[in-house]
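These notes are about the structure you will find just below.
Numbering (my numbering), first residue to last: 3 to 376.
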């Protein structure tokens, strides 16, 4: 099995980045590890052993994402083949896009294309400081909508995590054939109050530095995610220490952690909007979000909609979901619902069925069976 697809790894200071693999930022991870295992030297040794094994592991051959079909600024629309009307998968601005094309066995994109759907991936690319004034809404109007227009017909939009929030805005602004949201936040007051307080404190402590750079580094965002569930962050490295090197479970862990510890920074305005307008002020949930001068109101959508919600999501809680009438509840985690061992049964196949119903395809001949998770 090849490693994760090749993507540009974009720390803010690429020539000063540590040569080892993540976690990033490593000093913060080590301090969190110390705190979580302070009362158990055995757990601490296991977690450190897992960390060392992860950093030293052989990644194997590196694959590439799908070929570029259309470009708009730094964004790319990548083609995964298939047939029929376009289906565009929109990942979060945070972390690289390859979570939906993690390995050949764990690729939602390749599986959907194998079912016969004309499948595309939106790759947001890597911004630099010249994009500092570009907020989340600007990503919709300046990058996503122009790429949608290049397709020549209304696509089905599938948005994962913050990509789902963005996809909903796009669906309110341009004709689409359907909208599917996967583990996507909308009502940010559905996040635990203590988690929102920690996220607010993180932004308060880093805002000035981010403003000076014109970017919100991935390390700042990662620190925010870790604070949502520090115990689990450390426990998974303890578990990795006990895995057989080269086993399917070990390879899957490495691929997922490489994804979680990679990613480009956000433009400063996008990061500030996420922390202040979304997490703090809940502008989406209170109906106050405007994009391109238009109020974003999902109640006005006339296209078919569906929302896949994780009941065990420690990143995007179910209480933050948009609340579409067609809501599918999955007994999986934020990432596991997309690439886990039950992802095909719980997410991929229901999503395929919904796409086919929306497009009016009663029967569809699969092109291949590639992409089944282990």
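We put the beta carbon where it would ideally sit given N, CA and C, even for glycine.
Fair warning: this is a prediction, and the values are worked out from it, not measured in the lab.
- Note on geometry: alpha-carbon atoms of residue 280 and residue 255 lie some 31 Å from one another.
- A residue is called buried once 16 or more other Cβ atoms fall within 10 Å of its Cβ, and residue 211, having fewer, is exposed.
- Below 8 Å, too few C-beta pairs join the stretch 107-116 and the stretch 277-296 to call them touching: fewer than three.
- Of all alpha-carbon atoms in 31, 316 and 270, the one lying nearest the alpha-carbon of residue 132 is that of 270.
- A distance below 8 Å between beta-carbons, with the five flanking residues on each side excluded, links residue 266 to the following residues of its chain, in chain order: 10, 12, 98, 126, 127, 128, 129 and 220.
- Look at residue 235 here: in three-state DSSP terms it is helix.
- Between residue 93 and residue 101 the beta-carbon gap is near 6 Å, inside 8 Å, which marks them as a contact.
- Within the stretch 254-297, the complete alpha helix (DSSP H) segments at least 4 residues long are 270-274, listed from N- to C-terminus.
- When the alpha-carbon of residue 185 is set against those of 137, 153, 340 and 200, the nearest one is in 340.
- Contact between residue 69 and residue 76 does not hold, since their C-beta atoms are separated by about 17 Å, which reaches or exceeds 8 Å.
- DSSP, read as helix, strand or coil, puts residue 56 in helix.
- With a cut-off of 8 Å on Cβ pairs, the stretch 236-252 is not in contact with the stretch 292-299, counting fewer than three such pairs.
- Classified as buried, residue 319 has 16 or more neighbouring CB atoms from the shown chains inside 10 Å of its CB.
- Between residue 310 and residue 258, the C-beta gap is not smaller than 7 Å, which leaves the two residues out of contact.
- In the structure shown, the three-state DSSP call for residue 312 is strand.
- At least 7 Å separates the beta-carbon of residue 183 from that of residue 216.
- Following the DSSP letters along the chain, one finds residue 153 in no alpha helix (DSSP H), marked with neither H nor E.
- Assigned with DSSP and collapsed to three states, residue 160 falls in strand.
- Distance from the Cα of residue 62 is smallest, within the candidate group 252, 322, 354 and 326, for 252.
- If you draw a straight line from the Cα of residue 174 to the Cα of residue 189, it is about 17 Å long.
- When the beta-carbon positions are compared, residue 239 and residue 40 stay at least 7 Å from each other.
- When rounded, the separation of the alpha-carbon atoms in residue 312 and residue 60 is 32 Å.
- Approximately 25 Å separates the beta-carbon atoms of residue 65 and residue 86; this is outside 8 Å, ruling out the contact.
- The alpha carbon of residue 351 has as its nearest neighbour, out of 228, 110, 134 and 147, the alpha carbon of 110.
- Inter-residue distance for residue 227 and residue 235 is about 9 Å (C-alpha atoms, whole angstroms).
- Runs of the beta strand (DSSP E) lying entirely within the stretch 60-145, each at least 3 residues long, are 64-66, 69-74, 77-81, 85-92 and 119-125 in chain order.
- Cβ atoms of residue 142 and residue 158 stay farther apart than 8 Å, at about 17 Å.
- Taken through DSSP and simplified to helix, strand or coil, residue 302 comes out as helix.
- Contact annotation, residue 316 with residue 191: C-beta distance approximately 17 Å; criterion of less than 8 Å not satisfied.
- Apart from sequence neighbours up to five positions away, the residues of its chain that approach residue 171 with a beta-carbon distance below 6 Å are 142, 293 and 298, ordered along the chain.
- DSSP places residue 201 in no beta strand (DSSP E) but in the uninterrupted alpha helix (DSSP H) bounded by 195-215.
- In the DSSP assignment, the residues bridged to residue 329 are 309.
- Going by DSSP, residue 357 is part of the alpha helix (DSSP H) stretching over 351-360.
- DSSP places residue 317 in the coil class of the three-state scheme, outside both helix and strand.
- Linking residue 73 to residue 145 through their CA atoms gives a straight-line distance of about 9 Å.
- Per DSSP, residue 220 is one residue of the alpha helix (DSSP H) stretching across 220-230.
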